[in-house]
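Enquirer: Quick one: the structure is below, and I'll ask about it shortly.
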DNA sequence: CGGAATCCAAGATGATACTG
DNA sequence: CAGTATCATCTTGGATTCCG
């Protein structure tokens, strides 16, 4: 491929760490690309939401999975959870700056799929 | 579709179809963001690979899951599978133009994670 | 309302053995 | 080499119930 340590370092920096089984990025990737993680991030790109708002917006997600996903993404520093000590409870979820960053990437992915959906479906049917 | 609302159509086109529970894009998204789907796409962004090459490159993926993932992505039109009728068998996998398109998006996501990994880990530890 | 806890069904994943 | 088949297991996901 190329020279000594500078070349190797450059290569690592450029990409490919996710393909390292030990790299922590692989874990983060799992959280982000999880079934509901993607949709939560996309939904929150439009702004702050309450728990039930997210549930309705995403659709067909159980309370359990939504709660679990939110906690996961909160631990990774992508989501900020603000709880107001009122009754009935009021909790708001929003993206941190970090969350907004990854949200853009995820949105890039989902937007691409939506835009190219016709081509994809066409490709699927070619083989059937 | 009903035909009296251009505004609604515009909104749908802009984004948010993945948040529609019925939209086929949600299925595609699932394939692409699957545990191994992401890694396969990233790996293939570097060029054509054989089955065993992919397995080694991705690491810790069972034959079964790799085969299953490859078939899935092939059906979606993202991957081209070329089999040479020789013995021992020789099969090559590569990205279609469509696959390259989504590969770029996925790579954008993985690259972002790798670049921001320090920040993410820092954010995680802030809460611990 | 926003969850936590529990139980249960279903699907994802893996290890192994086998085949063309 | 590139899978397929089988079985065992582990994780997901959902429904339900209860609580602050």
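Chains as they are written, first to last, in our numbering: chain Y, 1 to 128; chain X, 1 to 128.
Built from N, CA and C at the ideal position, the CB exists for glycine as well.
Nearest to residue 201 of chain X by alpha carbon, out of Y/124, Y/63, Y/105?
Expert: Past the edges of chain X, shown from 1 to 128, lies residue 201 of chain X, and the structure says nothing about it.
Enquirer: Counting along the chain, where does the alpha helix (DSSP H) carrying residue 92 of chain X start and finish?
Expert: According to the DSSP assignment, residue 92 of chain X belongs to no alpha helix (DSSP H) but to the beta strand (DSSP E) extending over 90-95.
Enquirer: In angstroms with no decimal places, state the Cα-to-Cα distance between residue 92 of chain Y and residue 121 of chain Y.
Expert: 37 Å
Enquirer: Starting from the C-beta of residue 45 of chain X, find all residues in its chain whose C-beta is less than 6 Å away, skip the five residues before and the five after it, and write them out in chain order.
Expert: 103, 107
Enquirer: Taking the beta carbon of residue 42 of chain Y as the centre, do at least 16 other beta carbons fall within 10 Å, making it buried, or is it exposed?
Expert: buried
Enquirer: Under 8 Å between beta-carbons, which chain X residues line up against residue 30 of chain Y? List them in chain order, please.
Expert: 35
Enquirer: Are the C-beta atoms of residue 100 of chain X and some chain Y residue less than 8 Å apart?
Expert: Taking Cβ atoms only, chain Y never reaches closer than 8 Å to residue 100 of chain X, which makes this a no.
Enquirer: Relative to the alpha-carbon of residue 48 of chain X, which residue among X/99, X/118, X/114, X/111 has its alpha-carbon at the smallest distance?
Expert: That would be X/99, whose Cα lies nearest to the Cα of residue 48 of chain X.
Enquirer: Counting beta carbon pairs with one atom in the segment 18-31 of chain Y and one in the segment 49-68 of chain X, are three or more of them shorter than 8 Å?
Expert: yes
Enquirer: Below 8 Å between beta carbons: does that hold for residue 110 of chain X and residue 38 of chain X?
Expert: Taking 8 Å as the Cβ cut-off, residue 110 of chain X and residue 38 of chain X qualify as a contacting pair.
Enquirer: Looking at residue 33 of chain X and residue 96 of chain Y, is the spacing between their C-beta atoms short of 8 Å?
Expert: no
Enquirer: Does the Cβ of residue 50 of chain Y have 16 or more other Cβ atoms within 10 Å, making it buried, or fewer, making it exposed?
Expert: exposed
Enquirer: Whole-angstrom Cβ separation of residue 30 of chain Y and residue 35 of chain X, contact assumed at under 8 Å?
Expert: 7 Å
Enquirer: Can you tell me which of the three DSSP states residue 75 of chain X falls into?
Expert: helix
Enquirer: Count the other CB atoms, across all protein chains shown, that sit within 10 Å of the CB of residue 123 of chain X; report buried if there are 16 or more and exposed otherwise.
Expert: buried
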